[in-house]
Amino acid sequence: MASQESRGQTNPIFKDYLPGSSDIPEQNKPVEPTSLWKQTSHTHNLPPGLEYLNQLDRIIIHQQVELLEAILGTETSSKYEIKNHLGQRVYFAIEENDCFDRNLCSPIRSFTIRIADNTGREVIRVIRPLRCNSCWFPCFLQELEVQSPPGTTAGYVVQNWDPFLPKFTIQNQSKEDVLKIIGPYATCGCFEDVDFEVKALNEMTTIGKISKYWSGFVNNVFTNTANFGIQVPVDLDVRMKAVMIGACFLIDLMFFENSLDGL
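Residue numbering for the sequence shown follows my numbering, beginning at 792 and increasing consecutively.
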């Protein structure tokens, strides 16, 4: 599935598109921290396959229902459709791991998720190693790597220790902190959506959110199907948008993998 296109090739409709403002600081004005996450590259310098993310400020992730899993209660490899706000499929994703990981290590299982565009070209790879999922082991918390193109790091999602709140840091390819994700005290989501806020590094300014949508009693209680929405600034760097998709997968497994997640 590896691409045989060169990085310099882009769709002509994106040729002159440059999202966001220039963000050039004045002589005596300090550089704002938002410059870390805003798009600064022209589309011909972007990872191949991510050009379309330039246009998006909302991304929908829909997990496909596995009939065998719903009937037998066994874990099967997850499959997802990634859509725009109009419901049009942009990418599709398939989780790769073995039966042992899925059924015995389910919420903390290691995996590789391959994300391909509508031509079947793999454009994003999400890699999660087997790590701890308990606040009692703060030195071995969750960490996830997102690659785009596959083999080239785009960024990381790193869990932060906190006794009360789910907290994560979004890092770029150089492991520099870029954004924070902070979840609610309770993630059970009793008949309502659950929001994880995307914040600036000072944790004071909210710039977006990752939401677990309540999908109805039958879906939430009797299957593990997940529906998520990502809302971010349109001029967020496309690599960070790819990392947000990886963060969504991590949040799903950590907090909503159990079939009774809606109660």
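Cβ coordinates follow ideal geometry from the N, Cα and C atoms, glycine included.
By Cβ distance, which residues of its chain are closer than 6 Å to residue i, with the 5 residues on each side in sequence left out?
| i | result |
| --- | --- |
| L921 | S901 |
| I915 | I906, S939, A1033 |
| Q950 | L932, Q933, F959 |
| G1037 | V917, L935, V937, V948 |
| I850 | I1021 |
| K870 | Q855, I885 |
| S868 | E886 |
| E872 | H853, R880, F883 |
| D986 | K1000, S1002 |
| A978 | According to the sequence provided, residue 978 is Thr. The question's Ala does not apply to it. V985, F1046. |
| D908 | G840, Y882, V914 |
| G878 | none |
| P941 | E913, R916 |
In chain order, what residues of the same chain have a beta carbon less than 7 Å from the beta carbon of residue i, not counting five sequence neighbours either side?
| i | result |
| --- | --- |
| Y843 | V881 |
| A919 | A small correction: the amino acid at residue 919 is Arg; Ala does not occupy that position in the sequence shown. So the list reads S901, F902, L935, L1041, once near-sequence residues are dropped. |
| V1029 | Q830, L837, L841, L844, N845 |
| R798 | Residue placement at R798 is flagged as unreliable, the pLDDT there being 46, under the threshold of 50; the coordinate-derived value follows with that caveat. So the list reads P839, once near-sequence residues are dropped. |
| V969 | L827, W828, I961, Q962, N963, M1031 |
| G974 | L956, P957, F987 |
| T944 | E936, Q938, Q964 |
| C1039 | I852, I1001, F1019, I1021 |
Let's test the definition: count the other Cβ atoms within 10 Å of the Cβ of residue i and tell me whether it reaches 16, buried, or not, exposed.
| i | result |
| --- | --- |
| D1043 | buried |
| A1017 | buried |
| Q855 | exposed |
| M1035 | buried |
| H853 | buried |
| G999 | buried |
| P816 | Reliability fails at P816, whose pLDDT of 40 lies under 50, so the model's placement of it is uncertain and the value that follows must be treated cautiously. So P816 ends up on the exposed side. |
| L887 | For the record, residue 887 in the displayed sequence is Glu; it is not Leu. Label assigned to E887: exposed. |
| E994 | exposed |
| G946 | buried |
| L1027 | buried |
Could you name the residues that DSSP lists as bridge partners for residue i?
| i | result |
| --- | --- |
| H853 | E872, N1018 |
| R912 | The partner list for R912 (beta bridge, DSSP) is empty, contrary to what the question assumes. |
| Q950 | F959 |
| V969 | The partner list for V969 (beta bridge, DSSP) is empty, contrary to what the question assumes. |
| E936 | I918, Y947 |
| G999 | V989 |
| F883 | E872, A907 |
| L1027 | K829 |
| F1040 | None, per the DSSP bridge assignment. |
| F902 | R919 |
Kindly give me the distance between the Cβ atoms of residue i and residue j, rounded to whole angstroms, as I take these residues to be in contact under 8 Å.
| i | j | result |
| --- | --- | --- |
| E988 | T997 | 5 Å |
| F1046 | P954 | So it is not a contact: roughly 16 Å between Cβ atoms. |
By Cβ distance, which residues of its chain are closer than 8 Å to residue i, with the 5 residues on each side in sequence left out?
| i | result |
| --- | --- |
| Y976 | F955, L956 |
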